[in-house]
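Structure, as structure tokens:
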Amino acid sequence: MAILRGDNGPVKQKAMQILVALGEIFDADKLIDVESAQISGVSYKTIGDTGLQWVESMSTEKVVIPTTLNPTGMDLHLWRQMGISHEFAAKQIQIINAYSRFGVKSLCSCTPYLSGHSPKFKDHIAWAESSAVCYANSVLGARTNREGGPSALASALIGKTANYGYHLDENRKPTLCVDLDVHLHAESDFSALGVSIGKKVNNGVPYFTGIENPSADSLKSLAASLAASGGVALYHVEGVTPEAYSLQVGGIETINFTSDELVSSYDALSTFQSGAVDLVAIGCPHASLSEMKKVAALAKGKKVANNTKLWVFTSAGVKLMAERFGYLKDIIKAGGEVYTDCCMVVAPIEQLGFKTMAVNSGKAAIYSPSASKVEVIFGTTGRCVDIAMKGFA
Ligand code: F3S
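The numbering used here applies: residue 3 is where the sequence shown begins, and numbers increase by one.
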């Protein structure tokens, strides 16, 4: 009550008002402690001057729990190499400085769980990046709603969230069973599956059967695409994800996912099929160490075409590991570039002269045509790297 009354200052009061308002809207019975926060709305491209002013107006208080940021609009060190304008960079740095005043760690990544910011099973958290929310809920078994930037910041400042939605057992049960009739191989197959099922289930909870021994990268791709196409915040995979073991699945609709649907989903994600490709962008969500290894192996001994760029997006922590393992050297030697703190969707791609792009991510394929005004080809990592070497599809 004291915080709400303003006893702890206007910023904490505003943060508490946001949490209480959410609790009232969603009929929460109480506020609960959260272990960590992850804040979205960090790129100047997405929040603009209005967002910058709001963040600056709040940045007189410190966060009280471990908090990280979503990708910004540029690599905070290599932005000149990316071709980012000084005007954009100045605004972006202003935003990062404002977040620093909160005491937020400038780990700017949508995969904080790959850089040591990983919640435990059943931890309550307040994360905002939709792909990370879906991964944390589904694969790690943590509990978070799809927070917005302001509500995640409010939780970071107060250390609490309203007890509703995915924090409650009853909302974590499956609403649709999806039985796979096709064996998935590539991470992009999981992306295509997620895009197709996300549209069908909307913001429900899909329960997948028939997925055998998926990699963590595949589950990451599935999380991102389900979240992007349908608003999914939680999925289960029989025999794989932690909560799937204890769920009773019965009395809900079951649909099949076939090889024809997989092909259709691939086709629907490309806006063009052949021609010159300006940019090949890998790393949505941010590439893991094993994905860096894969790109390095595919690029080793080859050369990116003169008219094309190969950009790989990852977190600062994974880039450092990739350097130690020698993957970075192989990618750069082939003419590729590895960027941190940003991605192909929230960087100002439209200002950098790119008109066509190849991606291995369903989420990037969904967002990029509108967010970055580019035509898109969606394919496997192997096809994308091959396009980068040839310069065309
Ligand atoms: Fe991450 Fe950017 Fe994709 S924030 S999930 S790489 S759109």
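Backbone N, C-alpha and C define an ideal beta-carbon position, used for all residues, glycine too.
message = Among 136, 246, 111, 162, whose alpha-carbon lies nearest the alpha-carbon of residue 67?
response = Residue numbering aside, residue 67 sits at position 65 when the sequence shown is read from its first letter. Between residue 67 and the set 136, 246, 111, 162, the nearest pair of CA atoms involves 162.
message = Does the distance between the C-beta of residue 166 and the nearest non-hydrogen atom of ligand 1 fall short of 7 angstroms?
response = Here residue 166 corresponds to residue number 164 of the sequence shown, with the count starting at 1. No.
request  = Express the C-alpha separation of residue 180 and residue 23 in angstroms, rounding to a whole number.
outcome  = As a first step, residue 23 is located in the sequence shown; it is residue number 21 there, counting from the start. As a first step, residue 180 is located in the sequence shown; it is residue number 178 there, counting from the start. Straight-line spacing of the CA atoms in residue 23 and residue 180 works out to 36 angstroms.
ask   = With respect to the beta strand (DSSP E) encompassing residue 335, which residues constitute its N-terminal and C-terminal limits?
value = Looking up residue 335 in the sequence shown gives position 333. Residue 335 -> not in any beta strand (DSSP E); alpha helix (DSSP H) instead, spanning 329–335.
query = Under the criterion of a Cβ to heavy atom distance below 7 angstroms, does residue 136 qualify as lining ligand 1?
reply = For the purposes of this step, residue 136 is taken as the residue at position 134 of the sequence shown. No, Cβ of residue 136 sits at least 7 angstroms from all heavy atoms of ligand 1.
message = Considering only DSSP beta bridges, list what residue 57 is partnered with.
response = Translated into the one-based positions of the sequence shown, residue 57 becomes position 55. Residue 57 has no beta-bridge partner at all, per DSSP.
ask   = Cβ-heavy atom distance between residue 119 and ligand 1 below 7 angstroms?
value = Numbered from 1 along the sequence shown, position 117 holds the residue referred to as residue 119. For ligand 1, not one heavy atom lies less than 7 angstroms from the Cβ of residue 119.
ask   = Excluding five sequence neighbours on each side, which residues of the same chain lie with their C-beta closer than 8 angstroms to the C-beta of residue 182?
value = Locating residue 182 in the sequence shown gives position 180, where the first residue counts as 1. Annotation for residue 182: 195, 210, 211, 212, 213, 258, 259 place their beta carbon closer than 8 angstroms to its own, counting only its chain and skipping 5 residues before and after.
key: For residue 206, the nearest candidate out of 177, 198, 223, 215 (CA to CA)   = In the sequence shown, residue 206 corresponds to position 204, counting from 1. Checked all of 177, 198, 223, 215; the closest Cα to residue 206 is 177.
key: Whole beta strand (DSSP E) elements within the stretch 49–119, 3-residue minimum   = List check, beta strand (DSSP E) in window: 69–71.
query = Under the rule that 16 or more other beta-carbon atoms within 10 Å means buried, what is residue 135, buried or exposed?
reply = Working through the sequence shown from its first residue, we reach residue 135 at position 133. Burial state of residue 135 is buried, judged by a 10 Å Cβ sphere holding 16 or more other Cβ atoms.
message = Could you check whether the Cβ of residue 140 sits closer than 7 angstroms to any heavy atom belonging to ligand 1?
response = The residue given as residue 140 occupies position 138 in the sequence shown. False, no ligand heavy atom lies under 7 angstroms from that Cβ.
query = Can you give, in chain order, each stretch of the alpha helix (DSSP H) that sits fully within the stretch 20–49 and has at least 4 residues?
reply = Runs of the alpha helix (DSSP H) inside the stretch 20–49: none found.
query = What three-state label does DSSP hand residue 136 in the structure shown?
reply = Locating residue 136 in the sequence shown gives position 134, where the first residue counts as 1. Helix at residue 136.
key: Residues bridged to residue 126 [DSSP beta-bridge criterion]   = Locating residue 126 in the sequence shown gives position 124, where the first residue counts as 1. Under DSSP, residue 126 forms a beta bridge with 145.
query = At what residues does the alpha helix (DSSP H) containing residue 268 begin and finish?
reply = Stepping through the sequence shown from its first residue, residue 268 is reached at position 266. Counting along the chain, the alpha helix (DSSP H) containing residue 268 begins and ends at 261–271.
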